[in-house]
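Per the numbering used here, the sequence shown runs over residues -4 to 192. Where is the CB? At the ideal position from N, CA and C, for every residue including glycine.
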Amino acid sequence: MALTLIGSLTSPFVRKLRLVCWGRVDLNFEAINYFQPEGEAYLQKVSPINKLPILIDGDLKIFDSRVIYNYLAKQNKWPELTIEQENYLTAIDAITDTCANMFLYKKGGMDLEGDNWYLDRQRQRLPSILEYLKPLAKSLSANKPEDWNFMSMSLFSFYYWAEFRKLVDLSPYPEAKAFLEAFKNKPGVKETTLPES
Ligand SMILES: N[C@@H](CCC(=O)N[C@@H](CS)C(=O)NCC(=O)O)C(=O)O
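Below, the structure written as structure tokens:
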């Protein structure tokens, strides 16, 4: 029976799973929009965590992108990620979380420019993680098939979405821009690109 992935067309946490499944896992993708009342009500009903993505395999529901990846990797006998790759994934997930929270705070009407210790901590995290990711972005080659993996898919999904939502300015990070350009023709990238509206 095909697996179902509940997600949205814009979430980077969802896109990286769609990319890793592209052409190799039979996935039924259900897109919802929780910015709309019906999507919001549906997400609340389907998950106690109220976040996307959710993977459904028969009676089983899995609620977090990394746990979903680990489940799929085990099922499909994908090579284990190294500790170095896991660390990069943690950094990518952390910066994505921070940006997603800032985006939602702003959408909810909060002032993100104000003097606030919590927001300072969020803001400090962005340049330090972007710096940390520099050597990774530089080292990945689109000509090496093994370099297109869950970690690089996560990096691609984050950079692309962060620019799309204007959450980070990547112009001081030429290696990030070069990475996006080099990997833009990988399988599934065009098909999972973010809708304009
Ligand atoms: N740790 C979670 C984070 C998922 C997440 O934050 N998803 C966002 C979409 S990008 C979401 O559903 N946010 C809804 C909310 O925070 O209310 C994962 O890796 O799946």
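(request) Please confirm whether any heavy atom of ligand 1 lies closer than 8 Å to the CB of lysine 46. (result) Result yes, Cβ under 8 Å from ligand 1.
(message) For glutamine 117 and lysine 161, I'd like the C-alpha separation in whole angstroms.
(response) The straight-line gap from Cα to Cα measures roughly 16 Å.
(message) Given a cut-off of 9 Å on the beta-carbon distance, is the pair methionine 146 and leucine 55 in contact?
(response) No, these two residues do not count as a Cβ contact at 9 Å.
(message) Could you check whether the Cβ of valine 9 sits closer than 8 Å to any heavy atom belonging to ligand 1?
(response) Indeed, a heavy atom of ligand 1 lies less than 8 Å from the Cβ.
(message) Against chain C, with Cβ distances strictly below 9 Å, would glutamate 191 count as a contact?
(response) As a matter of chain content, chain C is missing from the structure shown, which is built from one protein chain.
(request) To the nearest angstrom, report how far apart glutamate 176 and serine 152 are at their CA atoms. (result) So the two alpha carbons sit approximately 13 Å from each other.
(request) Report yes or no: do the stretch 167 to 184 and the stretch 0 to 19 share at least 3 C-beta pairs separated by less than 8 Å? (result) Because the criterion of three Cβ pairs below 8 Å is met, the stretch 167 to 184 and the stretch 0 to 19 touch.
(request) Note down, one range per segment and in chain order, each alpha helix (DSSP H) of at least 4 residues found wholly within the stretch 32 to 70. (result) Runs of the alpha helix (DSSP H) inside the stretch 32 to 70: 32 to 41.
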